[in-house]
Amino acid sequence: MFSISMPTLFASLLGKEVTIFYKYLFWNPLIILNDFILFEMNISEKMWLSKELSLFLLFILFFVFTLAVYCLEKRRIQEI
């Protein structure tokens, strides 16, 4: 969360749009939570992604992480 909140804080202090750094952090699922919180608190003017795209990105990240855990567990069981 620190990697998301600090650039956001500095961007807001400089008077810039807080979502300009998000394209570099898209892989972090907490960015969607942070984006939603900033939008609801009226700190950012708009959300970085629409709600539908945010849910789709969360689903894809969940699928990738689940597949990675499954493959790692399968490899660990084969080594035993």
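With the working numbering applied, the sequence shown corresponds to residues 1316 to 1395, in that order. Built from N, CA and C at the ideal position, the CB exists for glycine as well.
Endpoints, alpha helix (DSSP H) assigned at residue i
{"i": "L1348", "result": "L1345 to E1355"}
{"i": "K1378", "result": "The question names Lys, but residue 1378 in the sequence shown is Phe. It spans K1366 to E1394 - the alpha helix (DSSP H) in which F1378 sits, taken as one unbroken run."}
Nearest-angstrom beta carbon gap, residue j and residue i [assumed within contact, 8 Å]
{"i": "L1353", "j": "L1364", "result": "The Cβ separation is near 13 Å, so there is no contact."}
{"i": "F1351", "j": "M1362", "result": "7 Å"}
{"i": "S1369", "j": "I1347", "result": "5 Å"}
Outcome for residue i when other beta-carbon atoms lying within 10 angstroms are tallied against a minimum of 16
{"i": "T1381", "result": "exposed"}
{"i": "V1379", "result": "exposed"}
{"i": "V1384", "result": "exposed"}
Heavy atom of the ligand NAP within 8 Å of residue i beta-carbon
{"i": "F1377", "result": "Within the structure as shown, the ligand NAP is missing, as the structure has no ligands at all."}
Query raised in the report: Taking three-plus beta-carbon pairs below 8 Å as touching, is the stretch 1385-1395 in contact with the stretch 1353-1363?
Result: no
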